[in-house]
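Enquirer:
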Amino acid sequence: MLLVIEVSDATLRYDRGVKLPLYARHGIAEVRIVDLENGLLHFFRSPAGDAYADVSTAERPGATQLPVTPQSTVDLSGLFA
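Numbering (the working numbering), first residue to last: 182 to 262.
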């Protein structure tokens, strides 16, 4: 699997503390967590053991590449509008 998207309202702690290490351990290339409570989009890439080596957060996400087809993008600018 190349991409998992989690939508977190009241489950952010569980998604980051329990699910994210499992995804990394099983080699999921990229995880995105939509943090509804804080209006943030968290990106986790490059799994390494039980964690991700590349972690970033966007307050106002715009066009983002998809790991399946890097030449394709998805416009997420209206995600928290």
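Glycine included, each C-beta is placed from N, C-alpha and C at the ideal position.
Every value quoted in this text rests on a predicted model; they were computed, and no experiment measured them.
1) On the DSSP bridge assignment, give the partners of S237 in chain order.
2) Out of curiosity, what's the CA-to-CA distance linking V236 and K200?
3) Could you give the distance in angstroms between the alpha-carbon of G220 and the alpha-carbon of L184?
4) Express the C-alpha separation of P248 and R213 in angstroms, rounding to a whole number.
5) Is it the case that the CB of L193 approaches a heavy atom of the ligand PLP more closely than 8 Å?
6) CA-CA distance, S253 and G243?
7) Could you give the distance in angstroms between the alpha-carbon of E211 and the alpha-carbon of A262?
Expert: In short, the structure shows the following:
1) Counting from one through the sequence shown, the residue named residue 237 turns up at place 56. Paired residue(s): F224.
2) As a position in the sequence shown, residue 236 is number 55, starting the count at 1. As a position in the sequence shown, residue 200 is number 19, starting the count at 1. So the alpha carbons of these two residues sit roughly 15 Å apart.
3) Walking along the sequence shown from the start, residue 220 turns up at place 39. Walking along the sequence shown from the start, residue 184 turns up at place 3. Each residue's alpha carbon lies about 20 Å from the other.
4) For the purposes of this step, residue 213 is taken as the residue at position 32 of the sequence shown. For the purposes of this step, residue 248 is taken as the residue at position 67 of the sequence shown. Rounded to the nearest angstrom, the two C-alpha atoms are 11 Å apart.
5) In the structure on display, the ligand PLP does not appear, and there are no ligands present to speak of.
6) Position 72 of the sequence shown, counting from 1, holds the residue named residue 253. Position 62 of the sequence shown, counting from 1, holds the residue named residue 243. If you take the alpha carbons of S253 and G243, they lie about 13 Å apart.
7) As a first step, residue 211 is located in the sequence shown; it is residue number 30 there, counting from the start. As a first step, residue 262 is located in the sequence shown; it is residue number 81 there, counting from the start. Computed Cα separation, rounded: 24 Å.
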